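First the structure, in the form of structure tokens, and then the observations on it.
Residue numbers (the working numbering), protein chains in the order written: chain W, 1 to 337; chain G, 1001 to 1337; chain C, 2001 to 2337; chain S, 3001 to 3337.
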């Protein structure tokens, strides 16, 4: 940490901060500059120290040097993590595709779409049974019945089931059916939930919150990793910005940034990340070109009749076409999917 | 709802959308314009219809006319709601002030600060026992022990206790001690939690998520109201923007906007809303001038030693001075506090 | 500046950076930490050094210590600046109010509104003659004819004329009529324009760009100050964020932040800062309470007939009422206007 | 346009708005809904009408149906525009690459890099002679001398010269040397400049402002097109958001969105769009996969010694490698470059 003193800070104030640094178990190194004195605080101390120093008299600001996460960092674990569940493989060179409807709506719907996305090359099936909805008047999901139908679809197709869990008290139930537990964007900082899915030992797909920084995103992953569960996929699904021609702004730079920062695999969700079916194809291809380890895409047999998110769902033929082109881009760059 | 067709939409596409509108139980009214045809869909239908129509062939966009919330709207309940718990009164002309430390840290700390903020004029005491922390390595709160200390402080001072609850399974425990259940910004869209606090029948302080729109904020309140619990205070605590000289951008326009939109009272949190103690005073005064029904402010007897958020906490004398000036602004505008 | 080396940076890389620091005329101080080596670069060097060091092998990031502006800083000039033009006084304890229509539309309109805003207590008259419009199909202003009408209004009322200048080649013309040259939000980083208004020696009202940081805002002011023109007012007029219930988010924390950072006076524009007439009153009061040195407010005798920005203009009676309440808030806080 | 009345608007208010609509030369169609009355205003009227109606008594909001731009729209001109200057071809299936240093620094530097980027496959050479710099203390460019060196580089290599123009009074000078006039992000809404470059009849590269919406971006292009100059390339270069691990957020969804909205070609600038050399490669590939018509990339023979933007510049070998992979992605998707 670097503590920057205000211009005109007194020697007493500098000495006080120096002592505070040492009280916190760190070594201090006072550097007198032209306009400012700064105090380097040396040692491994990730929590609370910044805040304690920031409040000191005469302190202008405190700049941390170290990233706040550890287990998620590629400094701690250099080789990339590959998540494997059934035939779904994501990371360390493997590209996995998870596809399916926003919500499980019925037996025919989910079985039909499962067959179609498998046929096109997906190895995971998404489908919501517990649905977090912005409005209390919206369809809230089929709940356990939906989970049963997902399990049926797995039985028939072998696809890994990816479904959202919304509350710690649902973790036990959902983990009986799901292969991958999705933590949604709204719950990225729901810490009791992160701990509960971590302890389930199931693979977790952690979606970035729409206003989360990279540090916050990786710290949320750290909550899961800290429970001893190493099977975490990160998912970029778009952020809140001023842009009004899309539902969310999809910042694909997240992909190369995370590849240089963490060993965890990165999945992109171009369906939520754009919010419009007509934009999904281009952004899925761009995700692969940017280096993504996986895609998660909404596909519905009849988007117009979907109970949720139809406007951003691909039809099965559009998905098939997308997969064909994704494979071409992957191959062009020496990757396989 | 207004369905806008693409330029060049065919008569068949228009007819199809017209039929869809009617299938959804709405009346349709086709308006042929110079460049575009639009179809007005008339009737009360708040869920799913927009999405279903949006996906139709030839549809460019669907524009909703009605607000998506009902019970929170001042169209439904015209008179402003006043929340009353012990001596804390917020709304309908009353200005209530909730003050106290970020975290409960011990008996002496919480009792001392409770006396001090009461002395200065606060009628509510804030203090975290269950702490949502961005990093898993940060102090997570004293949990039940903290709740007990808060109850002790209430016993001595009569201040209403405001404390955060982070998970549905904690609601029962927290509601045994708290007078007001705070739902934090990270949990604004944690729907199982919203329903659980609603059902507790306790008064709820609902903080705006840092990237929530007004519609999303009011829909989150609607989740609580829908359980039959009318005692909801909304709290503006700052949003995520590109600004880098503050922790959050505090958009005070929220206050007059909500006064014109909802009957629920609006509290402002200038401590989180700025993230810097030196900016809290000015923004608290501005909140009162903008028409806020309440303030929630971090006060710590010794900010430098605080286990969390010391950098944004006022000292008790600074808080006392702030209260004096707030009262002057309130009086100048014909309000009392 | 603090140069942070990557974990695992080699001694050669550290040595190379050390030499670069010295090549740039700075002193170096190498600090070997637990996980990282950092190199403090000591000395006054505000330009280019950061970029040159950032690119070095093994460098993770470079963190500047000093603010990039000088003449705008309250470290350089401690006493607050008061801008005075005719009876308009802004800063150093004086609160000045500039009011008037978005656009000058005709003789009757501008004279009438000038009398009305003067009567209510304004000491400056705003009115656009050269109008920057988002669409090329919108009214572009009365140009020189508009300037003549503004001069006429000054002659009759004594109000200081505040009007926008959009291009360096207009500066000469506009400065013949205007008392205060406004640089609009879209032009905050139009450097040739900043230099030209600086050289005109007229007082400048510099509006914050809707995505400008405080550093960028103060550096834009620095471009003007550097020409030798000290008469600069800063104006907060709202920023671009995800909020969709207002045209811009008005971040009033700018006011106390700038009061602690610069000696230049701060004016708030709640008309553009909200974009809705119904929100202006509350935000103008809040601006005064937050410590603003001035207000600039759109007032039109008949907003419904305004050629631009009618939706955010107050009527003269509404403005009069606002001024009355602003005075009460100012007095309550020991200030006069 | 759709005028939405407030709940409880009186018949008189509705009638008044109806008359206003007709006064503006539009047809009116009153639709009485369950909770609200809306009035459709039919006819082609793109300016001022929205604002005039918005201010009417009892009006809640006005929702435009038509896009505000015309000549930029692919409804008006269906076939995509291909910009051609020397060997640079951008749009209508052609992918053009513009590369070179941030600033022209000297004869050797610019000639060397011109040869290198040409060798790698670029057909345009970028290089700043007039430099808009955030700080007045930063290097401001070689000005006319820089333009002469760019012309020399064109003479030797045949590359089309792309360079920025910052003020209307520089247009004449710059157009004597440049093949493509760049309007920078800070000047996207500098309307006198847009008109001046339009009238120069040179090809224009228009960069998106960091907080511009798509409507604002296309309206800025419209200012140029309206002068009779059809040769406009749009350039996405990143937007201002809360993200702090990049200099700007690069929203690649702009590419497919604009392909569906305008006939103008879309170029992506991954150098400014990320602000970090290590992220440029992945984002350039992603741009091509997303359908971009061109790239503009900073390349410097010795980034560490660059006078500006070295941290985001590729070395010539890195650029060569990038071009090889870009070609592979383009070919995989059936495009050539």
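Note that CB positions come from ideal geometry on N, CA and C, so glycine has one too. This structure is a prediction, so every number in the text was calculated from the model and none was measured.
Rounded to whole angstroms, what is the Cα-Cα separation between residue i and residue j?
i: residue 2311/C; j: residue 3237/S; result: 33 Å
i: residue 340/W; j: residue 71/W; result: As shown, chain W starts at 1 and ends at 337. That puts residue 340/W outside it, with no answer to give.
i: residue 197/W; j: residue 85/W; result: 16 Å
i: residue 2127/C; j: residue 3199/S; result: 29 Å
i: residue 1329/G; j: residue 1117/G; result: 19 Å
i: residue 1158/G; j: residue 1122/G; result: 11 Å
i: residue 17/W; j: residue 2239/C; result: 36 Å
i: residue 3295/S; j: residue 3124/S; result: 10 Å
i: residue 317/W; j: residue 1132/G; result: 44 Å
i: residue 2270/C; j: residue 149/W; result: 55 Å
i: residue 2334/C; j: residue 8/W; result: 29 Å
i: residue 166/W; j: residue 2298/C; result: 48 Å
Considering Cα atoms alone, identify which of the options is closest to residue i.
i: residue 1255/G; options: 2244/C, 2239/C, 2255/C, 2279/C; result: 2279/C
i: residue 1062/G; options: 87/W, 96/W, 76/W, 245/W; result: 245/W
i: residue 1181/G; options: 1203/G, 1317/G, 1242/G, 1209/G; result: 1203/G
i: residue 1042/G; options: 3090/S, 3076/S, 3042/S, 3036/S; result: 3036/S
i: residue 3002/S; options: 3331/S, 3263/S, 3032/S, 3010/S; result: 3032/S
i: residue 3183/S; options: 3119/S, 3207/S, 3191/S; result: 3207/S
i: residue 3216/S; options: 2185/C, 2134/C, 2153/C; result: 2134/C
i: residue 115/W; options: 104/W, 105/W, 100/W; result: 100/W
i: residue 40/W; options: 48/W, 14/W, 34/W, 109/W; result: 14/W
i: residue 2095/C; options: 2289/C, 2247/C, 2012/C, 2020/C; result: 2289/C
Quick check on residue i - is its C-beta less than 7 Å from some C-beta in chain G?
i: residue 2257/C; result: yes
i: residue 2035/C; result: no
Between residue i and chain W, is there a C-beta pair that is closer than 7 Å?
i: residue 2274/C; result: no
i: residue 2216/C; result: no
i: residue 2310/C; result: no
i: residue 1186/G; result: yes
i: residue 3001/S; result: no
Does DSSP put residue i in a helix, in a strand, or in coil?
i: residue 2240/C; result: coil
i: residue 2029/C; result: strand
i: residue 3287/S; result: helix
i: residue 1235/G; result: strand
i: residue 3314/S; result: strand
i: residue 2189/C; result: coil
i: residue 1171/G; result: helix
i: residue 1280/G; result: helix
i: residue 1307/G; result: coil
i: residue 1181/G; result: strand
I'd like to know whether the C-beta of residue i is nearer than 7 Å to at least one C-beta of chain S.
i: residue 207/W; result: no
i: residue 1241/G; result: yes
i: residue 16/W; result: no
i: residue 2226/C; result: yes
i: residue 181/W; result: no
At a cut-off of 6 Å, would you count residue i as near the ligand ZN, judging by its Cβ distance to the nearest heavy atom?
i: residue 1327/G; result: As far as ligands go, the structure on display features none, and thus does not contain the ligand ZN.
Between which residues of its own chain and residue i is the CB-CB distance below 7 Å, once the five residues before and five after are set aside?
i: residue 1327/G; result: 1337
i: residue 170/W; result: 130
i: residue 1112/G; result: 1301
i: residue 1064/G; result: 1001, 1050
Excluding the five sequence neighbours on either side, which residues of its own chain have a C-beta within less than 8 Å of the C-beta of residue i, listed in chain order?
i: residue 2233/C; result: 2083, 2090, 2091, 2180, 2203, 2204, 2205, 2206, 2264, 2265, 2266, 2267, 2293, 2294
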